[in-house]
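Engineer: Residue numbers (the working numbering): 49 to 418.
My structure is below; once you've seen it, I'll send some questions.
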Amino acid sequence: MFRILLMAFVLSVAPLLAQPLRPAPQMQNPPQPPVGMHPPAEVAPDAPVVTIHGLCPEGQSGKPESCAMVLTRQQFETMIASVNISGQTYTKPALRSMAATYVTVLALADAGEKAGVEKDPRFQEFMKVARTRALADAYRRYLEEKYAKPSDEEIEAYYKQNSGKFQQVKIDRIIIPRVNPKRPQEDRNEFAKKARQLALDIRERAANGEDMDDLQKEAYKTLGIDSQPPPTEVVTPNRRGAFLPATEHDLNALKPGQVTKVEYEPSGFNIYKLRGRMALPLEQAKGEIVRDISQKNIDAALKAATGGVHTDFNEQFFNPYPAGPPPAYRAPDHYPMPKNSSVGRPAAPAGAPVEGGNPAPAAQKPASPK
């Protein structure tokens, strides 16, 4: 029975565990317990954490009201670990919610067993599907654990083979806002027009070698922005997504000392000057390398498991729109015609009234030969 209940619990909490829960925020100065209060003592592994009254453990007979089921901390944590596919760390309130869900599942499963639901063929088929899905999820987790820690040799080889990927770019950036940060609602169109023209001028001067810090300060002064201009020096990993696609494309095409065109970005009219590219140290790149190698090995294992499997689908059953030309359109026999239209209408008899109240003209007889 416990195996059945555990499977039911897995299916009931799987959607909850599949969603990544946010870990508890790490506070620099966590709140201290009130004076006279002490942090709770560590709960022993064999100490009860969930006691369920009204349900009899497997193998114990008696009236339900006289029974009680007990889950120790070790039993409860082992069960949670078995269904925690994402490997998340859950808060105490989340664990309490899962425990409450488990109690409900136990009660319903006990009632279902007494009602003989296990003998229903649909239940047997459901258990087959559930077992298959659980095995697939367990295999994915097995692969994640197997390839979670690549060797130092693998990491170093990957770093050398992908040296161009692990770079830092050192750049100078001038930001010319398109909106006055001090008065954002004042003369927006006029300010943006002035900022755009200024950016074009500043860009030409930057390309001619003028100091980027001086140009940044001058831009703020010209626009009348009485706040401290941002620093121009930026050091960032050269990664896809670090910049907007257009900016990233222009930066990758630069040689040291060259300047991009004016980049139209949400922060304003920006100008970038490449100072240099530097290799990212192995220790700083190690985390990303481990993730890349791990995912690469997992993908290869999944492809090996599924690559030899081929499927034929009965398109007559699955496809609501079978291949082939669509059936020819046939207009209905009595298609409503718009007013004042005689297309497709049968001719009215001579003298019969038509729309507008006037009789239809009589058909003229052909002239007889003389």
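Just so you know, even glycine gets a beta-carbon here, dropped at the ideal spot from N, CA and C.
If we ignore side chains and look at the alpha-carbon of each, how far apart do Lys194 and Ile346 end up?
Structural biologist: Cα to Cα, Lys194 sits roughly 9 Å from Ile346.
Engineer: Cβ atoms of Asp220 and Glu281: under 7 Å apart, would you say?
Structural biologist: Yes, the Cβ-Cβ distance between Glu281 and Asp220 is below 7 Å.
Engineer: Between which two residues does the alpha helix (DSSP H) holding Leu350 run?
Structural biologist: 330 to 354 is the span of the alpha helix (DSSP H), which, as asked, contains Leu350.
Engineer: Buried or exposed for Thr308, please, with buried defined as at least 16 other CB atoms from any protein chain shown within 10 angstroms of its CB.
Structural biologist: Result: buried.
Engineer: Which of the three DSSP states, helix, strand or coil, is assigned to Gln108?
Structural biologist: Three-state result, Gln108: coil.
Engineer: DSSP three-state label for Gly135, please.
Structural biologist: Three-state DSSP puts Gly135 in coil, outside helix and strand.
Engineer: With DSSP as the reference, label Phe361 as helix, strand or coil.
Structural biologist: Three-state DSSP puts Phe361 in coil, outside helix and strand.
Engineer: With burial defined as no fewer than 16 other Cβ atoms inside 10 Å of the residue's Cβ, what is the status of Gly392: buried or exposed?
Structural biologist: Here the model assigns Gly392 a pLDDT of 47, short of 50, so the residue's position is not dependable, and the following value carries that caveat. Gly392 comes out exposed.
Engineer: Extract the residue ranges of the beta strand (DSSP E) inside the segment 228 to 291, only unbroken runs of 3 or more that lie entirely within it.
Structural biologist: Within the segment 228 to 291, the complete beta strand (DSSP E) runs of at least 3 residues are 281 to 285.
Engineer: How many Å lie between Leu156 and Val177 at the Cα?
Structural biologist: Cα-Cα distance, rounded: 20 Å.
Engineer: Between the beta-carbon of Arg226 and the beta-carbon of Ala254, is there less than 7 Å?
Structural biologist: Contact flag unset, no.
Engineer: Just checking: is the beta-carbon of Glu336 within a distance shorter than 7 Å of some beta-carbon in chain C?
Structural biologist: In the displayed structure, chain C is absent; only one protein chain is listed.
Engineer: Just confirm the distance between the C-beta atoms of Leu322 and Leu299, as a whole number of angstroms; I'd bet it's less than 8 Å.
Structural biologist: Confirmed, Cβ separation roughly 7 Å.
Engineer: Measure the alpha-carbon distance for Tyr437 versus Lys213 and round it to whole angstroms.
Structural biologist: With the chain running from 49 to 418 in the structure shown, residue 437 is simply not present.
Engineer: Asp220 lies in the beta strand (DSSP E); which residues open and close that run?
Structural biologist: Start and end: 215 to 224.
Engineer: For Asn210, which residues does DSSP report across the bridge?
Structural biologist: Answer by DSSP bridge pairing: none, since Asn210 is not bridged.
Engineer: From the DSSP output, in three-state form, read off Gly404 for me.
Structural biologist: Any answer about Gly404 is weak, because its pLDDT of 47 lies below 50 and its placement is not dependable; what the coordinates show is given next. Here Gly404 sits in coil by DSSP.
Engineer: Is the CB-CB distance between Ile223 and Met260 below 7 Å?
Structural biologist: No, they are not a contact pair.
Engineer: Please state whether the Cβ-Cβ distance between Ile203 and Ile100 is less than 7 Å.
Structural biologist: No, the pair does not count as a contact, with Cβ atoms beyond the cut-off.
Engineer: Taking all protein chains shown into account, decide if Glu106 is buried (16 or more other Cβ within 10 angstroms of its Cβ) or exposed.
Structural biologist: With fewer than 16 Cβ atoms within 10 Å of its Cβ, Glu106 is classed as exposed.
Engineer: For Leu183, count neighbouring C-beta atoms within 10 Å of its own C-beta (all shown protein chains included) and say buried if the count is 16 or more, exposed if not.
Structural biologist: Its Cβ having fewer than 16 others within 10 Å, Leu183 is exposed.
Engineer: Buried or exposed: where does Gln264 fall if 16 or more other Cβ atoms within 10 Å of its Cβ makes it buried?
Structural biologist: Buried.
Engineer: State the beta-bridge partners of Met326 as determined by DSSP.
Structural biologist: According to DSSP, which records beta bridges pairwise, Met326 is partnered with Gln216.
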